[in-house]
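Numbers given in my numbering equal positions in the sequence shown, counted from 1, plus 17.
Where is the CB? At the ideal position from N, CA and C, for every residue including glycine.
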Amino acid sequence: MFTIEHEFDATVITLVDEGEDAPLLEDIVINAFEDCVTLEQVDPQTDEVLRITFSTTQLRDLAAALNLPEGSYRLERKAT
Numbered sequence: 018m019f020t021i022e023h024e025f026d027a028t029v030i031t032l033v034d035e036g037e038d039a040p041l042l043e044d045i046v047i048n049a050f051e052d053c054v055t056l057e058q059v060d061p062q063t064d065e066v067l068r069i070t071f072s073t074t075q076l077r078d079l080a081a082a083l084n085l086p087e088g089s090y091r092l093e094r095k096a097t
């Protein structure tokens with residue numbers, strides 16, 4: 018599941034781990050700014066927020082999520 022919120026200076030996408038396999042991982046928060054994107058996740062062992070920054074060139078794989086309207090989504094997986 019994921020949510021999308023549009024803030025003044027960024028689009029904020031939150032990815033929620035709701036899989037059936039335990040243990041579930043912490044939520045991932047994606048902040049999409051004009052010139053970069055940051056990914057943040059809490060490290061459960063240290064309780065610190067880990068952050069990764071991507072350039073706009075590295076964002077191509079996120080295009081579908083960034084272009085959806087505000088809301089909560091659950092994508093259905095196609096059977097292979």
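Would a check of beta-carbon distances place aspartate 38 closer than 8 Å to chain D? Of the protein chains in the structure, only one exists, and it is not chain D.
Let's see if you can read the secondary structure: which residues bound the beta strand (DSSP E) around phenylalanine 50? Position 33 of the sequence shown, counting from 1, holds the residue named residue 50. Here phenylalanine 50 belongs to no beta strand (DSSP E), and DSSP marks it neither H nor E.
Neighbourhood of serine 89 by C-beta, 7 Å cutoff - its chain only, sequence neighbours within 5 removed: Reading the sequence shown from its first residue, position 72 is the one you call residue 89. Within the same chain, serine 89 has close Cβ partners Met18 and Thr20.
Whole-angstrom C-beta distance between valine 29 and valine 46, which should lie under 8 Å: On the sequence shown, residue 46 is found 29 positions in, with the first residue counted as 1. On the sequence shown, residue 29 is found 12 positions in, with the first residue counted as 1. Confirmed, Cβ separation roughly 7 Å.
Test item: CB-CB of glutamate 37 and valine 59 under 8 Å: Looking up residue 37 in the sequence shown gives position 20. Looking up residue 59 in the sequence shown gives position 42. In this structure, valine 59 does not lie closer than 8 Å to glutamate 37 by Cβ.
Check the DSSP bridge columns for glutamine 58 and list the partner residues they point to. In the sequence shown, residue 58 corresponds to position 41, counting from 1. Leu67.
Count the other C-beta atoms from every protein chain shown that fall within 10 angstroms of the C-beta of valine 66, then say buried if there are 16 or more, exposed otherwise. The sequence position of residue 66 within the sequence shown is 49, counting from 1. It counts as exposed.
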